[in-house]
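In this text, residue positions in the sequence shown follow the numbering used here: the first is -5, and each later residue adds one. All C-beta atoms, glycine included, are put in the ideal place defined by N, C-alpha and C.
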Amino acid sequence: MNWIVASALMFFSSVCMYLLVRRCAMMKVPQELQNIAMFLIPLVFYLPLSFFLTCHWL
């Protein structure tokens, strides 16, 4: 993956996370759930992505 694709992916995911946080704030979701979502959502997305991009057998 070149740096332009990685930058675009990071920008798009940051915008999505910002919109998710704003939506959660409007829906009055507890702060604890917002915090765990800010950790788990990117983890679930980027961990498999990094694994599959570093494996050269794919």
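Residue span of the alpha helix (DSSP H) that contains Cys18, given as start and end: -3 to 20
Measure the Cβ-Cβ separation of Cys18 and Gln25 and say whether it is below 7 Å. no
Going by CA-CA distance only, name the one from Leu37, Phe46, Met32, Pro42 that's closest to Met53. Outside the displayed range of the chain (-5 to 52) lies residue 53, so it cannot be described from this structure.
Phe45 and Ser7 look like a contact to me (Cβ under 8 Å); what is the Cβ gap, rounded to whole Å? That belief does not hold up - the Cβ atoms of Phe45 and Ser7 are roughly 17 Å apart, past 8 Å.
Range covered by the alpha helix (DSSP H) that runs through Pro36: Its alpha helix (DSSP H) spans residues 25 to 48.
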